[in-house]
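Inspection log for the structure reproduced underneath, given as C-alpha cells.
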Amino acid sequence: MCAMPDERDRQARGMNDEAAPGGDPYTAYDDFNLPAYAGLPSFQKLPWIPDLEDLRAARPDVAIVGAPFDDAVSHRPGARFGPRAIRQASYHSGAINSLQLEIEPYDWISVVDAGDAPVTPMNIERGHAVIERKVADVASTGAVPIILGGDHSITYPSATAIARHVAPKRLGIVHFDAHADAANSTWGTLRSHGAPMRRLIESGAVAGRNFVQVGLRGYWPGAETMEWMREQGMRWHLMTEIEERGAETVIAEAIDQALDGPELIYLSVDIDVIDPGMAPGTGTPEPGGMLTRELLRAVRQIVGRVELAGMDVVEVSPPFDQAEVTAAAAHRCVLEAISALAAKRRASGAGPIADLGAGTDSSGGG
Ligand SMILES: [Mn+2]
Numbered sequence: 009m010c011a012m013p014d015e016r017d018r019q020a021r022g023m024n025d026e027a028a029p030g031g032d033p034y035t036a037y038d039d040f041n042l043p044a045y046a047g048l049p050s051f052q053k054l055p056w057i058p059d060l061e062d063l064r065a066a067r068p069d070v071a072i073v074g075a076p077f078d079d080a081v082s083h084r085p086g087a088r089f090g091p092r093a094i095r096q097a098s099y100h101s102g103a104i105n106s107l108q109l110e111i112e113p114y115d116w117i118s119v120v121d122a123g124d125a126p127v128t129p130m131n132i133e134r135g136h137a138v139i140e141r142k143v144a145d146v147a148s149t150g151a152v153p154i155i156l157g158g159d160h161s162i163t164y165p166s167a168t169a170i171a172r173h174v175a176p177k178r179l180g181i182v183h184f185d186a187h188a189d190a191a192n193s194t195w196g197t198l199r200s201h202g203a204p205m206r207r208l209i210e211s212g213a214v215a216g217r218n219f220v221q222v223g224l225r226g227y228w229p230g231a232e233t234m235e236w237m238r239e240q241g242m243r244w245h246l247m248t249e250i251e252e253r254g255a256e257t258v259i260a261e262a263i264d265q266a267l268d269g270p271e272l273i274y275l276s277v278d279i280d281v282i283d284p285g286m287a288p289g290t291g292t293p294e295p296g297g298m299l300t301r302e303l304l305r306a307v308r309q310i311v312g313r314v315e316l317a318g319m320d321v322v323e324v325s326p327p328f329d330q331a332e333v334t335a336a337a338a339h340r341c342v343l344e345a346i347s348a349l350a351a352k353r354r355a356s357g358a359g360p361i362a363d364l365g366a367g368t369d370s371s372g373g374g
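Below you can see the structure in the form of C-alpha cells.
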C-alpha cells in the first residue's frame, strides 16, 4: 500500500487531476488517488503503518491512532465503531487543499495512519492499558498522535501517555464537551467516560488550573462535582458564555488559561460539544451546542497557536448517526488540525517535503 507510485501514476492525480481528459481507460491511479470509496479505508487513504518499528522508520509528523473502545459509557453505546466510521467519513482522496488555510497539508507534513490500539471488549482496564501503550509508542516515534475514539474514557490513558512523553515539560488541556466528565465515578466505576478528567488531575498528569473546558451545558454534573472542579482551580466556559461573547474570544482565553504554566497542549474534542441537531451520532446528546463551523474554526485557532502534543476526537457513535454527519464533523476536526500543523510548518520557514501526498517513503509495512 505504501509503495511509491511510478512516473505514470504521478501524473494521474485523480480528483485533483489538472490534465486534459484522457481517452485511456487504463490510466493508472495508485490507491491514494483512487476515489475515497475504493481501496483500503485508512484515514484519508494515508499509509497504514500499525507496526512500531515500521513507524519509527517512516518518522511521520502526525499519526492517526484508533481507540475502538466503548465499555465505559453511561448511556448509548456504539463509540467502539467510531474510528472506522471517522476514517471513512470523507469523499476526498489524494492530496487535499485547505481553502481555509490555503495549504496542501501533505506537502508540508507527513501523516500516516498507525492503526488501532488492540482493544478487546468487556475489559475496561485492559482496553485502557493497550490504548495508553499504543499512544505512548506512537508518541515515542516523534509523531503527534491524533486519537480517534472511542468513548471519552480513552482520554485518561491517552493524555496520560502524552503527559509522560512530554515530561519534564508540562501539559495543558483544552477540552471541548457538553459535559465536564469530572465526576468521581458513575455508578461506582472510576474509569467511566464521565470521570476521565478527574483521573487526569488526581494522577498529576495535568494541573487542575490548566484544565480548561469549553461548551459545557445542560444538567450534569451536580453541584458537588462543580465544587470539586472549583477547588482544583479548573476553568470552564459554558455554552452560554460562547453565546454571549462569541467562540473566538472565548477560545483565545481558554488557550491562555491552558498555557498559563505549561508549554504544550493536549486537545480533547468530545463531538457532543456540537449541537445534536448537527451531530446526532453520539452517546449522550445535549441540545444547545456549538455549530460545526464554530468548532472547526476553534480547532484551527488552537492548533495554529499552541504547540500540540496530542489530540483526540471522541464519542462518535455511528449506530446513532444520520447520513454520517457526525463522523464527518469528527473527520474534519482532524483535517483542520492537520492543516493547521502544516501551516505552522510552512510559517517556520521549513521547506516542503516530497511532492506526493502521502509524504512518506516506501518503508511502511502493513
Ligand atoms: Mn465527554
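Going by the working numbering, 186 is the number at position 178 of the sequence shown; the sequence numbering is gapless. Ideal placement from N, C-alpha and C gives every residue a C-beta, glycine not left out.
Counted within 10 angstroms of its Cβ, other Cβ atoms place residue i as buried (16 or more) or exposed
| i | result |
| --- | --- |
| Ser-118 | buried |
| Val-321 | buried |
| Ser-356 | exposed |
| Glu-294 | buried |
| Ala-186 | buried |
| Tyr-37 | buried |
| Ala-46 | exposed |
| Ala-331 | exposed |
| Trp-195 | exposed |
| Gly-22 | buried |
| Asp-189 | buried |
| Ser-211 | exposed |
| Thr-163 | buried |
| Ser-166 | buried |
| Ser-50 | buried |
| Gly-269 | exposed |
| Pro-176 | exposed |
| Asn-41 | buried |
| Pro-58 | buried |
| Leu-272 | buried |
| His-183 | buried |
| Arg-301 | exposed |
| Tyr-34 | exposed |
| Ile-346 | buried |
| Gly-359 | exposed |
| Tyr-227 | exposed |
| Glu-15 | Model confidence at Glu-15 stands at a pLDDT of 44, short of 50, so the residue's coordinates are unreliable and nothing is read from them. |
| Val-120 | buried |
Range of the contiguous beta strand (DSSP E) that encloses residue i
| i | result |
| --- | --- |
| Asp-320 | 316-322 |
| His-183 | 179-184 |
| Val-222 | 219-224 |
| Leu-60 | First-last for Leu-60: 60-66, but that is the alpha helix (DSSP H), not the beta strand (DSSP E). |
Unbroken alpha helix (DSSP H) run spanning residue i, endpoints
| i | result |
| --- | --- |
| Gly-90 | 90-96 |
| His-1 | The shown model of the chain, from 9 to 374, leaves out residue 1, and the question about it has no answer. |
| Leu-246 | Here Leu-246 belongs to no alpha helix (DSSP H); instead the beta strand (DSSP E) covers 243-246. |
| Ile-111 | Unbroken run through Ile-111: none, as it is neither H nor E. |
| Gln-265 | 255-266 |
| Val-138 | 132-148 |
| Leu-42 | From DSSP, Leu-42 is part of no alpha helix (DSSP H); its letter is neither H nor E. |
| Ser-166 | 163-174 |
| Ala-231 | 231-239 |
| Glu-210 | 204-210 |
According to DSSP, residues forming a beta bridge with residue i
| i | result |
| --- | --- |
| Asp-72 | In the sequence on display, residue 72 carries Ile and not Asp. Answer by DSSP bridge pairing, in chain order: Asp-121 and Ile-154. |
| Tyr-274 | Ile-181 and Gly-318 |
| Thr-194 | Thr-197 |
| Trp-56 | Asp-121 |
| Ile-282 | Met-298 |
| Thr-290 | Val-324 |
Whether residue i touches residue j by CB criterion (9 angstroms)
| i | j | result |
| --- | --- | --- |
| Ala-169 | Val-143 | yes |
| Gln-96 | Leu-343 | no |
| Ala-215 | Arg-178 | yes |
| Ser-101 | His-339 | no |
| Ala-266 | Val-314 | yes |
| Val-220 | Met-242 | yes |
| Thr-334 | Ile-263 | no |
| Val-222 | His-245 | yes |
| Asp-32 | Arg-353 | no |
| Pro-204 | His-160 | yes |
| Ala-122 | Ala-171 | no |
| Pro-55 | Pro-76 | no |
| Tyr-291 | Phe-328 | Residue identity check: residue 291 is Gly in the sequence provided, not Tyr. Result yes, Cβ atoms of Gly-291 and Phe-328 sit closer than 9 angstroms. |
| Arg-206 | Ala-255 | no |
| Tyr-274 | Ile-209 | no |
| Gly-86 | Pro-326 | yes |
Check: residue i C-beta below 8 angstroms from any heavy atom of ligand 3
| i | result |
| --- | --- |
| Asp-78 | This structure lacks ligand 3; its bound ligands are ligand 1. |
### For ligand 1, residues whose Cβ lies under 6 angstroms from any non-hydrogen atom
His-160, Asp-185, His-187, Asp-189, Asp-278 and Glu-323
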